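In case it helps, this note's numbering puts the sequence shown at residues 234 to 656.
Glycine included, each C-beta is placed from N, C-alpha and C at the ideal position.
What you are looking at is a predicted structure, and each value in this text was computed from that prediction instead of being measured.
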Amino acid sequence: MRILLASAGLALALASPALAADCGNTAAGFDSFIKSMEAEAIAKGVPEKSVRALDGIEYDPAIIKRDRAQNIFSDSFLDFQKKMISSYRLKQGQALVQKHKALFDRINKEFGVPAPVIVAFWALETDFGATTGDFDTIRALATLAWDCRRPEKFRPQLIAALDLLSKGDLRRDEFKGAWAGEIGQTQFMAYDYDESAVDYDGDGKRDLRNSIPDVLASTANLLRKHGWQPGEPWLQEVKVPAKLPWEEADIAIRHPRSQWSEWGVTQVNGSPIKGDGFPAALLLPMGRNGPAFLAYENFTSAYLKWNESLVYSTTAAYLATRIGGAPAVSPGRAPVEHLSYDQIRLLQQKLQDLGYDVGKVDGKIGAGTRAAVKDQQLKLGMPADSYPTEELIERVGTGSKKKAKPAATEESGQSTDEGSNLY
């Protein structure tokens, strides 16, 4: 379940005339587009034999239907993690850590990524390899590359897939996976497969479909390339006080743990957190009354590069802490209202009308929406925890300074596991 993001390097390396080509939301024009992609691939040095994989490729409307139906990312963190973290995934993940202990020890020594972090992705992406997908990767990428919603992300991946095919790690009939073009047990896009997959079982092939050593080591290698720092935490559940400078609770703002301690942030059991200079952000995935976490550099770099969805990344990081032995997450200090998909879209439209860059009006609370929400909360005199409410929808754009509702006074906070950190 990767949300595709072409890196800046990839975008520059694969930038092409095709990125400026026409796009379409139907099959009309698709054949001409494929011809332009074939010419581009050959111009970029992809062997013609591999480029021929595009011959006869047909537009797949079922792929587009799936792309438009990703409303699960509009769920709250607590709802999303409940759906994604089953007792089976938790217990099987812990069992696999023990079963492959020698392999994980070797991987951790070489790449510095702990077993629970790798296993959490293995669980969430494919149920430990059980559901890797049966979509034709080339056809899926070609369809999404032609589609008008995200062509700039999928066209470079289509070229990368053709180039990967030429390397011989996978036969053409093995280019099968998820509907969005991911391949293997931890769902690598073609560019990442080519750049980060490793042959860890020594058979001469990088096989992310069938070789567990290759899958696990490649996952660790990709996380390292995303910026994973060996020996450092990723996510830690904490308890927050009733009052705090909420505008500082932002995934983009880090303070020393000593500062968070001074502001009243504690461990879940109420004991002090480490009062040192180690930097961390305060992550409130459901606002000031919901679960609370200290998110470290490994979260803000490696996890959010794996998948830009904050709800997915928080869930993946949290699952890693659970596999590592942390307790179940607390629901928070008080009930939290979560906006529906349509309410989030309404809010995004209102914010966009005010000139905020919220990205697409898609019902998903991304970085742009969170930043706009925070700015409006500050202007309206509301607690600026970046989490939208029905009250905010009503007041957005009014410029009024109506007295904000008092914050909850309970002392119980909330946070996530204290084990290693997550995405």
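Rounded to the nearest whole angstrom, the CA to CA distance from phenylalanine 532 to alanine 261 is 42 angstroms. According to the DSSP assignment, alanine 378 belongs to the alpha helix (DSSP H) that extends over 370 to 379. In the three-state reduction of the DSSP assignment, isoleucine 275 falls in the helix class. Aspartate 483 is positioned such that its CB atom lies closer than 9 angstroms to that of arginine 603. As computed with DSSP, isoleucine 416 is found in a beta bridge with Phe421. A direct Cα-Cα distance of roughly 25 angstroms separates valine 591 from histidine 459. Counting only runs of at least 3 residues, the region 480 to 556 fully encloses the following beta strand (DSSP E) elements, listed from N- to C-terminal order: 512 to 516 and 526 to 528.
Under the three-state reduction of DSSP, valine 606 is assigned to helix. Under the three-state reduction of DSSP, leucine 468 is assigned to strand.
Note on geometry: alpha-carbon atoms of alanine 423 and serine 491 lie some 42 angstroms from one another. Rounded to whole angstroms, serine 399 and alanine 274 show a C-alpha spacing of 12 angstroms. Distances from the alpha-carbon of aspartate 380 to those of Pro463, Lys334, Asp264 and Leu397 put Asp264 closest. For glycine 366, the CB contacts under 6 angstroms within the same chain, skipping 5 residues up- and downstream, are Gly410 and Ala411 in chain order. Straight-line spacing of the CA atoms in isoleucine 577 and glycine 601 works out to 13 angstroms. Using a 10 angstroms sphere on the CB of glutamine 581, the tally of other CB atoms reaches 16 or more, which defines it as buried. Contact annotation, valine 350 with alanine 553: C-beta distance approximately 5 angstroms; criterion of less than 8 angstroms satisfied. The three-state reading of DSSP puts lysine 409 in strand, counting E and B together.
Your pair valine 569 and alanine 525 does not check out as a contact, with CB atoms roughly 12 angstroms apart and the cut at 8 angstroms. Contact between the region 336 to 347 and the region 394 to 408 is absent, with fewer than three C-beta pairs closer than 8 angstroms.
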